[in-house]
Amino acid sequence: MSKRDGDIDKREIRLPDGRRLIFYSFPDPPRRPEPPPPATPVNPSGQQRH
Amino acid sequence: MSELRWHPFLEQWVITATHRQDRTMLPPADFCPLCPTVPGGFPTEVPAPSYDIVVFENKFPSLRADPPEPAVAATSVSPVEPARGICEVVLYSPNHQDSLAAMPLDRIHHLARVWKDRYLELGARDFVRYVFVFENRGEAVGVTLHHPHGQIYAFPFIPPVAEKELAASRRFHAQHGRCLQCASLADEIKDGRRIVLEGERYVAYVPFHARWPYEVTLAPREHQVSMAEWSEADMEDLSAVLKGLLQKYDALFAKPFPYMMVIHQAPTDGEDHRYAHLRFEFYTPHRAANRLKFLAGVESGAGTFINDKLAEESAAELRRVGPASVAAVRAAEDAGGA
Numbered sequence: 541m542s543k544r545d546g547d548i549d550k551r552e553i554r555l556p557d558g559r560r561l562i563f564y565s566f567p568d569p570p571r572r573p574e575p576p577p578p579a580t581p582v583n584p585s586g587q588q589r590h
Numbered sequence: 071m072s073e074l075r076w077h078p079f080l081e082q083w084v085i086t087a088t089h090r091q092d093r094t095m096l097p098p099a100d101f102c103p104l105c106p107t108v109p110g111g112f113p114t115e116v117p118a119p120s121y122d123i124v125v126f127e128n129k130f131p132s133l134r135a136d137p138p139e140p141a142v143a144a145t146s147v148s149p150v151e152p153a154r155g156i157c158e159v160v161l162y163s164p165n166h167q168d169s170l171a172a173m174p175l176d177r178i179h180h181l182a183r184v185w186k187d188r189y190l191e192l193g194a195r196d197f198v199r200y201v202f203v204f205e206n207r208g209e210a211v212g213v214t215l216h217h218p219h220g221q222i223y224a225f226p227f228i229p230p231v232a233e234k235e236l237a238a239s240r241r242f243h244a245q246h247g248r249c250l251q252c253a254s255l256a257d258e259i260k261d262g263r264r265i266v267l268e269g270e271r272y273v274a275y276v277p278f279h280a281r282w283p284y285e286v287t288l289a290p291r292e293h294q295v296s297m298a299e300w301s302e303a304d305m306e307d308l309s310a311v312l313k314g315l316l317q318k319y320d321a322l323f324a325k326p327f328p329y330m331m332v333i334h335q336a337p338t339d340g341e342d343h344r345y346a347h348l349r350f351e352f353y354t355p356h357r358a359a360n361r362l363k364f365l366a367g368v369e370s371g372a373g374t375f376i377n378d379k380l381a382e383e384s385a386a387e388l389r390r391v392g393p394a395s396v397a398a399v400r401a402a403e404d405a406g407g408a
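Order-wise, the sequence lines are chains A and B. Taking this note's numbering, I'd label the letters of the first sequence as residues 541 to 590. Taking this note's numbering, I'd label the letters of the second sequence as residues 71 to 408.
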């Protein structure tokens, strides 16, 4: 049996003695929250650089 | 044989589990039952040549979903119940030599997701009232298998330590209108002397009331009753603070540091536990590089801990070793180090 909860992949099997075993796999690495973008430099005249 | 025997003087359950006497004890690394089963090798618990993270029901469980009837009769003094519950093993890594302190942050983040998933799934069972996630690391705390792993006990009752903490938290909330752990953490941050490592969302500190020599509490800044409330950002920050703390532990005496890591959170009994606050606690038996603290007469018989260390001194020692900050933990990993 295989199911996907959110971005967790779970695959459950039964061992020979009947116990549950679950394989968890994570195909996509979790993303570290992106730091806020640096403030856009503004030149002394007050106009943004491009 | 396994059953719950009531301790009428302490008013708590004792689990008998005589079959656990037969469990595998410190096998050589090439016969580890928690490693993957490699082609041509002996069959381990995991019938696959590799894995990411695995959870399975313990081969020697203290509690089981379909327990046998007790072997002894109950009396009015000594009630007995079947030892119903679930005991799971969580394999952190296929690498036998790995440890939480050495794992990439992504893997620890994955592990947090698995903990959350197990809390939700096990806690949804009608007979499970408390999901207890923990890790014993090192022979000093009774480890029998060195492969990096933790355990989960899904209890049919709220275990007594958690029950006592919850009762105190409930009373504090009723008297002061705020969460006890939130108030305690605010005091710790304001004082600052016992802080060990700070993340954006999680803080590690030696609590004012520490019972163990290098005891640490790791708790979210915001009020969270359980793992069910974890966001991806929470788990990411937790991973970095947890890894940094464990690197500090290993650096303290320049050797793998034994500990018991336990996670306290809201029960899963269907009641309202908004006053509960998720936190990790680390109980650490080493009081010096080659000296262990034992739970001897006063601790075991009187229930009163004697701590040979001051929390303020322990925190200062931990601050001085290992990564200086959570940013340093991330920077070391980005640079390709542990």
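Every residue, glycine too, gets a C-beta built ideally from N, C-alpha and C.
Judged by DSSP secondary structure, P290/B falls within the beta strand (DSSP E) whose first and last residues are V286 to P290.
In the pairwise beta carbon analysis, the stretch 553-562 of chain A is classified as touching the stretch 124-139 of chain B: at least three pairs are separated by under 8 Å.
Neighbours of Y121/B in chain A, taken as residues whose beta carbon is under 9 Å from its own, are F563, Y564 and S565 in chain order. Take S370/B, set aside five residues on each side of it, and no residue of its chain has a beta-carbon closer than 8 Å to its own. Contact between A310/B and G247/B does not hold, since their C-beta atoms are separated by about 33 Å, which reaches or exceeds 8 Å. Distances from the alpha-carbon of G406/B to those of L175/B, T94/B and P117/B put L175/B closest. The bridge partners DSSP lists for T86/B are E73/B. In its chain, beyond the 5 residues on either side, A280, P283, Y284 and R357 have a beta carbon closer than 8 Å to the beta carbon of K379/B.
In this structure, C252/B and H347/B form a Cβ contact; the two beta carbons are roughly 6 Å apart against a cut-off of 8 Å. DSSP, read as helix, strand or coil, puts F225/B in strand. Judged by beta-carbon spacing, A298/B lies beyond the 8 Å limit of K129/B, meaning their Cβ atoms are not closer than that value. Beta-bridge annotation (DSSP): E383/B is not paired with any residue. Residue-level contact by beta carbon fails for E299/B and chain A, as no gap is shorter than 8 Å. The residue among F323/B, Q317/B and N360/B with its C-alpha nearest the C-alpha of A398/B is Q317/B. A straight line joining the alpha-carbon of A141/B with that of G314/B spans about 47 Å.
Between V276/B and I259/B a beta carbon distance of about 13 Å is seen, past the 8 Å cut, so the two are scored as non-contacting. Residue contact with chain A for V399/B: absent (no Cβ-Cβ distance below 8 Å to any residue of chain A). Shortest Cα-Cα distance from M305/B to any of V396/B, L215/B, L181/B and H216/B involves L181/B. Burial state of D136/B is exposed, judged by a 10 Å Cβ sphere holding fewer than 16 other Cβ atoms.
Taken in chain order, the complete beta strand (DSSP E) segments of 3 residues or longer contained in the stretch 185-243 of chain B are 200-207 and 219-225. At least one CB atom of chain A sits nearer than 8 Å to the CB of R183/B. By the C-beta density criterion, R390/B is exposed, having fewer than 16 other C-beta atoms within 10 angstroms.
Only exposed fits N360/B, as fewer than 16 other CB atoms lie within 10 angstroms of its CB. For the options Y162/B, P97/B, C105/B and Y200/B, the alpha carbon positioned closest to that of E341/B is the one of Y200/B. Of all C-beta pairs linking the stretch 194-213 of chain B to the stretch 144-153 of chain B, fewer than three are shorter than 8 Å, placing the two stretches out of contact. F327/B sits in coil when the DSSP states are folded into three classes, being neither helix nor strand. DSSP lists no bridge partner for Y345/B. When C-beta atoms of the stretch 234-248 of chain B are compared with those of the stretch 211-223 of chain B, fewer than three pairs fall below 8 Å, so the two segments do not count as touching. Between F126/B and chain A, the shortest Cβ-Cβ separation is below 8 Å. Apart from the 5 residues on each side of it in sequence, F323/B sits with its Cβ closer than 6 Å to the Cβ of A359 in its chain, given in chain order.
When DSSP reads this structure, A358/B sits in a beta bridge with R361/B. Using a CB distance cut-off of 8 Å, A118/B counts as an interface residue toward chain A. In this structure, the beta-carbon distance from A336/B to V295/B falls below 8 Å.
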